[in-house]
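Counting in my numbering, the final residue of the sequence shown is number 381, and the numbers go up one at a time with none missing.
A short worksheet on the structure shown next.
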Amino acid sequence: ARGRRTARAASAAAVVLALGVCDRAAIAESDWARGDRAFRGGRYAAAESLYARRAARGSPAAVRVNHATARALAGRGADAESLLASLGSEKGAAGHTAAYNLGTLEARRADWDDAVKTLRKALESDADDRDARYNYELALRRQRQQRGGGTPPPSPSPSRPSPHAAGANPNPGATSPNPPPQVPPAPQANTPEAQPAPSPGTMDRRTAEQLLGSLSELERIEQQRLHKVRVVRERRGRDW
142 ARGRRTARAA SAAAVVLALG VCDRAAIAES DWARGDRAFR GGRYAAAESL YARRAARGSP
202 AAVRVNHATA RALAGRGADA ESLLASLGSE KGAAGHTAAY NLGTLEARRA DWDDAVKTLR
262 KALESDADDR DARYNYELAL RRQRQQRGGG TPPPSPSPSR PSPHAAGANP NPGATSPNPP
322 PQVPPAPQAN TPEAQPAPSP GTMDRRTAEQ LLGSLSELER IEQQRLHKVR VVRERRGRDW
């Protein structure tokens, strides 16, 4: 009888222990899933908090990628991007997503050189990722435009007049038989004639500002066309 009671007690303890493990797994999975929902809803600070709570229980690389991505979008980008860079060497979806998200964040702030390198790394791990390829091609195009552009060459300075030019006396010691004609006074600065004509190859300030504004607007539109960052979804069941 005593042996049967001991066996029943041991079985009950095993059930309680198993239920406790299942409850902890359910809580951990729920934090991850709720973090995903908060991320999709644009509540990045809440997503960061949920991913951090999940990570405190011991987390796979995917949770750390999600946490760093949410942290970057919540306005704490410097350390978050550093973490994404270190996670880019992970295998599987975690490493690929880390590289894709980091490259996309770099492109969003117009850091085209780094974006091209990072997105190329993402494509090397998954050549079929259409989002990564789209963002890579956009960043590469902008990088080439940036390198191909430049400031126009400076306008040539006016040449110094020759001593034998018209109106100059080649022999300073000789007296000119006729005095030189009187030069009319220069027009006042507020008259239209006083405005210098633009040199060939240059543009006035208003035109330059309009051009810069158009380029900035084009860059903003292209950055809006970038495909968005993403998170690694939670796997069903226990992940440790």
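Idealized CB from N, CA, C, for every residue including glycine.
Residue i vs residue j beta-carbon contact at 8 angstroms
| i | j | result |
| --- | --- | --- |
| tyrosine 277 | valine 257 | yes |
| glycine 176 | arginine 195 | yes |
| leucine 225 | leucine 214 | no |
| glycine 218 | leucine 246 | yes |
| alanine 209 | alanine 235 | no |
| alanine 211 | tyrosine 192 | yes |
| histidine 237 | aspartate 267 | yes |
Local conformation of residue i per DSSP, three classes
| i | result |
| --- | --- |
| arginine 366 | coil |
| alanine 268 | coil |
| alanine 251 | coil |
| aspartate 172 | helix |
| aspartate 220 | helix |
| lysine 262 | helix |
| valine 257 | helix |
| alanine 179 | helix |
| arginine 274 | helix |
| alanine 215 | coil |
With 16 other Cβ atoms within 10 Å as the buried cut-off, status of residue i
| i | result |
| --- | --- |
| glutamine 287 | exposed |
| alanine 273 | buried |
| glutamate 189 | buried |
| glutamate 231 | buried |
| lysine 369 | exposed |
| serine 223 | exposed |
| arginine 283 | buried |
| threonine 259 | buried |
Reference residue i; option with closest CA among the options
| i | options | result |
| --- | --- | --- |
| tyrosine 275 | Gly183, Asp172, Ala248 | Ala248 |
| alanine 239 | Ala221, Arg285, Ala268, Gly216 | Ala221 |
| valine 373 | Asn207, Asp345, Ser200 | Asn207 |
| tryptophan 88 | Gly199, Ala280, Ser266 | The shown model of the chain, from 142 to 381, leaves out residue 88, and the question about it has no answer. |
| arginine 198 | Gly233, Ser223, Ser171, Arg347 | Ser171 |
| phenylalanine 180 | Arg371, Leu264, Pro201 | Arg371 |
| alanine 375 | Gly182, Arg184, Ala187, Pro201 | Here the sequence assigns glutamate to residue 375, which means alanine is not the residue at that position. The shortest C-alpha separation from glutamate 375 is found at Pro201. |
| glutamate 265 | Gly233, Arg285, Arg250 | Gly233 |
| arginine 285 | Ala251, Ala263, Gly183 | Ala251 |
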